[in-house]
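Residue numbers (the numbering used here): 312 to 395.
Listed below in structure tokens is the structure:
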């Protein structure tokens, strides 16, 4: 079974904010975020998928999600490549 680690971006006033997560079904999860049914932090915003990668095991996906959440340099690089 495939698991995905993803980074979504939304514009908050004058800056862009990001959220990192993991899921089995990427389309369904993004739809939940945009319908304000996802994580509390993501409610009330319009989200765009900026980055995703797949893994064969849940443990690998969870490990990479944790690493991406803590690696602010990489997150900011992905955001700057997505929005100039």
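C-beta atoms are modelled at their ideal positions from N, C-alpha and C, and glycine is treated no differently.
Because the structure is a prediction, the values reported are computed rather than measured.
Check                                                                                                                                    : Outcome
Between which two residues does the alpha helix (DSSP H) holding residue 323 run?                                                        : Not the alpha helix (DSSP H): residue 323 falls in the beta strand (DSSP E), residues 314-323.
Quick check: what's the CA-CA separation for residue 367 versus residue 313?                                                             : 5 Å
By the three-class DSSP mapping on this structure, what secondary structure does residue 391 have?                                       : helix
With distance defined between alpha-carbon atoms, name the residue in 344, 361 and 339 nearest to residue 353.                           : 344
Apart from the five residues on each side of it in sequence, which residues of its chain come closer than 6 Å, Cβ to Cβ, to residue 358? : 319, 321, 344 and 345
Would you kindly work out how many angstroms separate the C-alpha atoms of residue 332 and residue 316, rounded to a whole number?       : 6 Å
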